[in-house]
Structure formats: structure tokens, C-alpha cells
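Here is the structure we will look at, set down as C-alpha cells.
Residue numbers (our numbering): 143 to 299.
Here it is in C-alpha cells:
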């Protein structure tokens with residue numbers, strides 16, 4: 143459970159941080175423990191959907207990264223940040239039943255994410271516990287299409 147006072151402080155911090163960045167920061171990323179959107183065992187976090195998500199949308203946040211669910215997910219919802227969940231750090235893993243609207247990728251594996259950030263594009267790579275590439279996506283900063291069109295899966299060897 144998220145404590146009301148803690149969530150308020152976090153929402154206020156996000157508002158304050160992004161209100162001071164000017165109109166065109168290169169990328170806007172927010173990292174939290176609990177996912178906002180989530181098709182895994184714990185589901186969506188209602189408090190974050192109602193209190194944090196409107197702020198992320200207001201400030202046009204590009205990505206929200208989270209763990210908590212012991213799985214991997216890439217979620218794209220129009221008008222919202224991309225959701226990257228990487229919770230396969232060592233505990234028992236959870237299965238993500240598929241398909242779901244907006245669920246671009248899911249797996250149940252021990253893993254980590256690497257993000258390569260440039261001014262015009264970003265590459266997100268999920269690796270397994272042996273540091274082998276599992277899946278890779280790219281996003282272009284200037285893309286104005288639908289969420290699923292702006293995050294492109296890259297074929298990996």
C-alpha cells in the first residue's frame with residue numbers, strides 16, 4: 143500500500159521537477175517501485191492511476207519505469223508514458239497472461255534493462271541473467287504517432 147502522504151510528496155516532487163525544465167527537455171523519465179499500468183500479478187496501482195498518472199500526462203512524461211511485479215512488461219497506451227516493468231531481480235517470478243491491449247512484450251525471467259539515451263532517440267534493451275539480449279525497442283523523440291507506432295521493436299540476432 144502506498145501511504146497517502148508519501149504519494150503526495152512524490153506527486154509534488156514530479157510536478158516541481160518538470161515545471162522547472164522548460165518546454166523542451168530531451169526526455170522525461172520517471173522511476174517508481176510500483177507500476178501504474180500492469181498486466182501481471184498485482185495489476186494496476188489504483189492510487190497511481192488516479193493521482194500520479196494525470197501529472198505524468200500533464201508534463202508529457204515519455205517513460206515510467208517500475209519493478210514490483212516479478213516479470214517483464216512493455217506497455218504502450220495512447221496519451222500516456224510508455225511503461226517499462228522489469229521486476230525479475232531475484233525473487234519468484236510471475237507469469238503475465240497475454241494478450242492485452244497495449245501489451246507489447248512480456249516475459250517471466252530474471253532480467254535487467256539498459257537504456258541508451260541520445261537527444262533524438264532512445265534504445266531500450268531487456269537482458270537475461272546471462273546478459274544476453276532478449277528484446278530491444280527504439281523510440282524517436284519526435285514521433286507523434288500512436289504509442290505502439292512510436293516504440294519500435296528492433297530485430298536482434
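Idealized CB from N, CA, C, for every residue including glycine. Keep in mind the model is a prediction, meaning the values are calculated, not measured.
| Item | Value |
| --- | --- |
| Enclosing alpha helix (DSSP H) for residue 200 [first to last residue] | 195 to 200 |
| Beta-carbon proximity of residue 207 to residue 245, cut-off 8 Å | no |
| CB of residue 248 within 8 Å of CB of residue 215, strictly | yes |
| Neighbour-count burial assignment, residue 289, 16 or more Cβ in a 10 Å radius | buried |
| Cβ neighbour criterion (16 or more within 10 Å) applied to residue 182 | buried |
| Beta-ladder partner(s) of residue 294, from DSSP | 280 |
| Residue 198 versus 163, 281, 252 and 156, residue with shortest Cα-Cα distance | 156 |
| Environment of residue 229 [buried if 16+ CB atoms lie within 10 Å] | buried |
| Status (buried if at least 16 other CB within 10 Å, exposed otherwise) for residue 101 | With the chain covering only 143 through 299, there is no way to say anything about residue 101. |
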